[in-house]
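Per this note's numbering, the sequence shown runs over residues 9 to 468.
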Amino acid sequence: MTVKIKINPDFRKIINYDRFLGVLDFIAQTGKIKIILTGKTPDYYYGYEQCNESSFIFYSELYYDKNIKFELVDNKWMPYGIASKYFDPIGAIYRIFILFDEQQRKNKNNSNGFTSFLTTDLTKERQSFKGLALVDQWVDTFIEKLIGKKNVPQNILKICLTHDVDGPEIYHFYEISKSFFKLIRFRNLKYWWQVVHGIKSKIRKDKGPFWRFIEWLEQEKKLNACSTFFFYPGKNIYKNHFNDPPYHIDNSSKWNILNEIEKNGGEVGIHPGIYYKKEEQAFLNSRLKFNKRGIPALGIRHHYWELNWADPFETFRKQANSGLKYDLSIAWKDSPGFRLATCRPFKTWFGQENTLDHVVIPSTIMDGHLFQYANYPTDECRLQAIERIIKEVFEKDGVLVLDWHERTFEDTLIYPGYGKFYFKLLKYLNTNFDVDYLLPREIFDGVLGNYHNHRLILEN
Ligand SMILES: [Zn+2]
Numbered sequence: 009m010t011v012k013i014k015i016n017p018d019f020r021k022i023i024n025y026d027r028f029l030g031v032l033d034f035i036a037q038t039g040k041i042k043i044i045l046t047g048k049t050p051d052y053y054y055g056y057e058q059c060n061e062s063s064f065i066f067y068s069e070l071y072y073d074k075n076i077k078f079e080l081v082d083n084k085w086m087p088y089g090i091a092s093k094y095f096d097p098i099g100a101i102y103r104i105f106i107l108f109d110e111q112q113r114k115n116k117n118n119s120n121g122f123t124s125f126l127t128t129d130l131t132k133e134r135q136s137f138k139g140l141a142l143v144d145q146w147v148d149t150f151i152e153k154l155i156g157k158k159n160v161p162q163n164i165l166k167i168c169l170t171h172d173v174d175g176p177e178i179y180h181f182y183e184i185s186k187s188f189f190k191l192i193r194f195r196n197l198k199y200w201w202q203v204v205h206g207i208k209s210k211i212r213k214d215k216g217p218f219w220r221f222i223e224w225l226e227q228e229k230k231l232n233a234c235s236t237f238f239f240y241p242g243k244n245i246y247k248n249h250f251n252d253p254p255y256h257i258d259n260s261s262k263w264n265i266l267n268e269i270e271k272n273g274g275e276v277g278i279h280p281g282i283y284y285k286k287e288e289q290a291f292l293n294s295r296l297k298f299n300k301r302g303i304p305a306l307g308i309r310h311h312y313w314e315l316n317w318a319d320p321f322e323t324f325r326k327q328a329n330s331g332l333k334y335d336l337s338i339a340w341k342d343s344p345g346f347r348l349a350t351c352r353p354f355k356t357w358f359g360q361e362n363t364l365d366h367v368v369i370p371s372t373i374m375d376g377h378l379f380q381y382a383n384y385p386t387d388e389c390r391l392q393a394i395e396r397i398i399k400e401v402f403e404k405d406g407v408l409v410l411d412w413h414e415r416t417f418e419d420t421l422i423y424p425g426y427g428k429f430y431f432k433l434l435k436y437l438n439t440n441f442d443v444d445y446l447l448p449r450e451i452f453d454g455v456l457g458n459y460h461n462h463r464l465i466l467e468n
């Protein structure tokens with residue numbers, strides 16, 4: 009199915025035109041049609057004031073103004089005080105993707121090199137649909153209007169399991185001293201536990217309680233699942249952050265675990281440090297480090313979700329230029345849900361030449377969302393808190409991406425209940441849905457396979 013759209017030529021001047029084209033491309037891919045941007049007679053006009061009802065898509069310039077306050081009316085993202093019949097679907101998706109409404113948050117100043125913030129700082133209007141993939145809903149309704157046909161969901165819950173590896177070596181000198189420092193500062197017993205176990209495994213020369221890769225894989229295999237581990241490549245040659253992981257991948261035999269993971273059906277990706285986001289060369293160096301061990305390492309998730317949030321697509325371009333193929337860093341640090349209001353992976357738009365293959369796979373739920381930032385008394389409460397989100401992914405044909413830190417397999421004193429809940433959740437998903445566990449590389453292949461026939465074409 010093909011739809012020809014003509015847009016107002018002034019758009020090139022008044023909006024971020026490249027991102028705008030990316031939005032049209034996103035609508036085409038995930039709505040499964042081909043959109044041709046034409047200068048000739050189109051099927052629909054967008055951004056023109058005068059044309060007949062049946063051939064125009066409602067346009068409002070308010071959507072392209074970052075200073076205007078928005079609110080949710082009938083599940084539509086509307087400029088304050090405007091009725092929902094004046095909804096501009098393309099403008100709304102543009103607005104969400106360019107993070108305009110996030111710029112209206114409180115506490116804008118960040119220190120310590122972090123650009124992430126708490127969702128409680130967002131306007132209460134934006135907070136109101138953290139757990140709804142409204143962009144996907146708008147795309148489907150919009151496409152139905154354009155072609156008169158509904159997107160039929162597949163009734164399968166696609167799941168992608170991931171583990172960030174933030175510090176597997178408890179015996180590492182730096183790890184022990186850091187725990188000791190935190191023990192003095194926060195007077196929390198769990199840091200004492202880490203110091204003791206760090207020293208113990210150093211003396212015994214064993215790998216200690218945080219080295220649990222094979223156990224994750226084995227437990228997951230029992231539930232017909234497999235997962236991806238994101239490893240920190242090592243220090244950035246430019247700049248490091250205190251909260252970067254204290255280990256690095258080198259030539260020693262213990263890192264055969266990377267190959268072991270891949271042999272067991274899992275995937276290995278890159279978990280770069282906090283300042284990597286602006287350094288293309290650092291991405292390239294990391295990838296080569298993994299390649300040397302025979303690991304393709306095509307996927308990436310940033311430590312602390314540290315994309316360049318002023319413009320995540322700039323970070324994506326740097327990733328893609330370094331040969332990375334997919335990113336899983338779109339998420340909030342304190343809350344589950346949909347930061348771009350979509351749960352659908354999509355091919356990234358890199359300008360009109362658009363030759364780089366790169367896919368964005370938004371992440372959905374992290375262990376810390378349910379354990380660190382929220383204080384649920386029981387697993388039942390935790391499940392209740394995410395049931396709607398899981399259903400949303402199922403209904404919108406998206407991918408449910410879970411992130412449980414590798415260390416949380418040790419879920420006694422140190423990460424109490426984390427691991428237990430994870431496996432409980434997988435059992436719940438297996439029981440209540442037809443599930444399909446996918447590795448990021450399979451998601452990437454799926455997105456590119458679809459992209460050939462469903463995308464934006466620029467006609468001159
Ligand atoms: Zn991390």
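Beta carbons are placed, not taken as given, at the ideal position from N, Cα and C, and that holds for glycine. Just so you know, these numbers come straight off a predicted model, no measurement behind them.
Query raised in the report: Hey, would you say LEU464 sits closer than 8 Å to LEU29, going by beta carbons?
Result: Here residue 464 refers to the residue found at position 456 when the sequence shown is read from its first residue. Here residue 29 refers to the residue found at position 21 when the sequence shown is read from its first residue. Yes, these two residues count as a Cβ contact at 8 Å.
Query raised in the report: Should the segment 179–197 be regarded as contacting the segment 381–395, the criterion being three or more beta carbon pairs within less than 8 Å?
Result: Contact fails: fewer than three Cβ-Cβ distances are below 8 Å.
Requested in this report: Go to THR149, then tell me how far its alpha helix (DSSP H) extends in each direction, as first and last residue.
Outcome: Here residue 149 is taken as the residue at index 141 of the sequence shown, counted from 1. Where THR149 is concerned, the enclosing alpha helix (DSSP H) stretches over 142–155.
Requested in this report: Note down, in chain order, each residue of its chain lying with its Cβ closer than 6 Å to the Cβ of SER187, except the 5 sequence neighbours on either side.
Outcome: One-based indexing of the sequence shown puts residue 187 at position 179. Counting only Cβ-Cβ distances below 6 Å, and skipping sequence neighbours, we find TYR199, GLN202 and VAL203.
Requested in this report: Leaving out five residues on either side along the sequence, give the residues of the same chain with a beta carbon under 8 Å from the beta carbon of GLY206.
Outcome: Locating residue 206 in the sequence shown gives position 198, where the first residue counts as 1. Closer than 8 Å at Cβ, skipping near neighbours: ILE178, TYR179, HIS180, GLU183, ILE184, SER187 and GLY216.
Query - Beta-carbon spacing of GLY281, TYR240 below 8 Å - result: Counting from one through the sequence shown, the residue named residue 281 turns up at place 273. Counting from one through the sequence shown, the residue named residue 240 turns up at place 232. With a cutoff of 8 Å on beta-carbon distance, GLY281 and TYR240 are scored as near each other.
**Report entry** C-beta contact flag for THR490 and LEU169 at 8 Å
**Finding:** Residue coverage of the chain in this structure runs from 9 to 468, which leaves residue 490 outside it and unanswerable.
Report task. Return the chain-ordered list of same chain residues with a C-beta closer than 6 Å to the C-beta of THR323, the five sequence neighbours on each side being excluded. Result -> Stepping through the sequence shown from its first residue, residue 323 is reached at position 315. Around THR323: LYS285, LEU315 and ASN316.
Query raised in the report: Looking at C-alpha atoms only, which residue of LYS404, SER124 and LEU332 is the closest neighbour of LYS158?
Result: In the sequence shown, the residue the question calls residue 158 occupies position 150. Ranking LYS404, SER124 and LEU332 by Cα distance to LYS158 puts LYS404 first.
**Report entry** Three-state secondary structure assigned by DSSP to ILE398
**Finding:** Taking the sequence shown and counting its residues from 1, the one referred to as residue 398 is at position 390. DSSP places ILE398 in helix when its eight states are reduced to three.
**Report entry** Among ASN461, LYS12, ILE35 and SER294, the one whose alpha carbon lies nearest that of THR149
**Finding:** Here residue 149 is taken as the residue at index 141 of the sequence shown, counted from 1. Measuring from the Cα of THR149, the nearest candidate turns out to be ILE35.
**Report entry** Chain-order list of residues whose beta-carbon lies under 6 Å from that of ASN329 (same chain, five-residue window excluded)
**Finding:** Within the sequence shown, numbered from 1, the residue matching residue 329 stands at position 321. So the qualifying residues of the chain are GLU288.
Requested in this report: Indicate whether VAL407 and LEU446 have their beta-carbon atoms separated by less than 8 Å.
Outcome: Here residue 407 corresponds to residue number 399 of the sequence shown, with the count starting at 1. Here residue 446 corresponds to residue number 438 of the sequence shown, with the count starting at 1. Result yes, Cβ atoms of VAL407 and LEU446 sit closer than 8 Å.
Query raised in the report: Going straight from the alpha carbon of PHE194 to that of ASP387, what length do you get?
Result: Translated into the one-based positions of the sequence shown, residue 194 becomes position 186. Translated into the one-based positions of the sequence shown, residue 387 becomes position 379. Cα to Cα, PHE194 sits roughly 27 Å from ASP387.
Query - Contact set for ARG301: own chain, Cβ-Cβ below 7 Å, skip 5 residues either direction - result: Reading the sequence shown from its first residue, position 293 is the one you call residue 301. Result list for ARG301: TRP263, LEU266 and ASN267, in chain order.
Report task. Compute the minimum distance between the beta carbon of HIS311 and the heavy atoms of ligand 1, and state whether it is under 7 Å. Result -> Walking along the sequence shown from the start, residue 311 turns up at place 303. Under cutoff, so the answer is yes.
Requested in this report: Tell me whether VAL204 sits in a helix, a strand or coil according to DSSP, three-state version.
Outcome: Numbered from 1 along the sequence shown, position 196 holds the residue referred to as residue 204. If DSSP states are grouped into helix, strand and coil, VAL204 belongs with the helices.
Query - HIS279 and HIS249 closer than 8 Å at C-beta - result: In the sequence shown, the residue the question calls residue 279 occupies position 271. In the sequence shown, the residue the question calls residue 249 occupies position 241. Judged by beta-carbon spacing, HIS249 lies beyond the 8 Å limit of HIS279, meaning their Cβ atoms are not closer than that value.
Requested in this report: Please classify ALA355: is it buried, with 16 or more other beta-carbons within 10 angstroms of its beta-carbon, or exposed?
Outcome: On the sequence shown, position 347 is the one that residue 355 refers to. With the sequence shown as reference, residue 355 is identified as Lys, and Ala is not the correct amino acid for it. Under this definition LYS355 is a buried residue.
Report task. Would you check if there are 3 or more beta carbon pairs closer than 8 Å linking the segment 413–430 to the segment 220–236? Result -> yes
Query raised in the report: Looking at C-beta atoms only, is the number of pairs between the segment 88–101 and the segment 61–73 that lie closer than 8 Å three or more?
Result: yes
Report task. Note the first and the last residue of the continuous beta strand (DSSP E) segment covering LEU408. Result -> Counting from one through the sequence shown, the residue named residue 408 turns up at place 400. Looking at the DSSP string, the run of the beta strand (DSSP E) that includes LEU408 is 407–411.
Requested in this report: Give the secondary structure of LEU296 by DSSP, where H, G and I count as helix, E and B as strand, and everything else as coil.
Outcome: Counting from 1 along the sequence shown, the entry for residue 296 is found at position 288. Helix at LEU296.
Query - Residue from ILE151, PHE452, LEU80 and LEU410 whose Cα sits closest to the Cα of LEU437 - result: Position 429 of the sequence shown, counted from the start, is the residue given in the question as residue 437. Comparing Cα positions, the closest option is LEU410.
Query raised in the report: With LYS12 and ASN461 assumed to form a contact (beta carbons below 8 Å), what rounded beta-carbon distance in angstroms separates them?
Result: Residue numbering aside, residue 12 sits at position 4 when the sequence shown is read from its first letter. Residue numbering aside, residue 461 sits at position 453 when the sequence shown is read from its first letter. No, LYS12 and ASN461 are not in contact; Cβ-Cβ is about 16 Å, not under 8 Å.
Report task. Take PHE105 as the anchor and find which of PRO87, TYR459, GLU152 and LEU142 has the nearest alpha-carbon. Result -> Taking the sequence shown and counting its residues from 1, one reaches residue 105 at position 97. Checked all of PRO87, TYR459, GLU152 and LEU142; the closest Cα to PHE105 is LEU142.
Requested in this report: For SER235, name the three-state secondary structure that DSSP assigns.
Outcome: For the purposes of this step, residue 235 is taken as the residue at position 227 of the sequence shown. In the structure shown, SER235 sits in a strand (DSSP, three-state: E or B).
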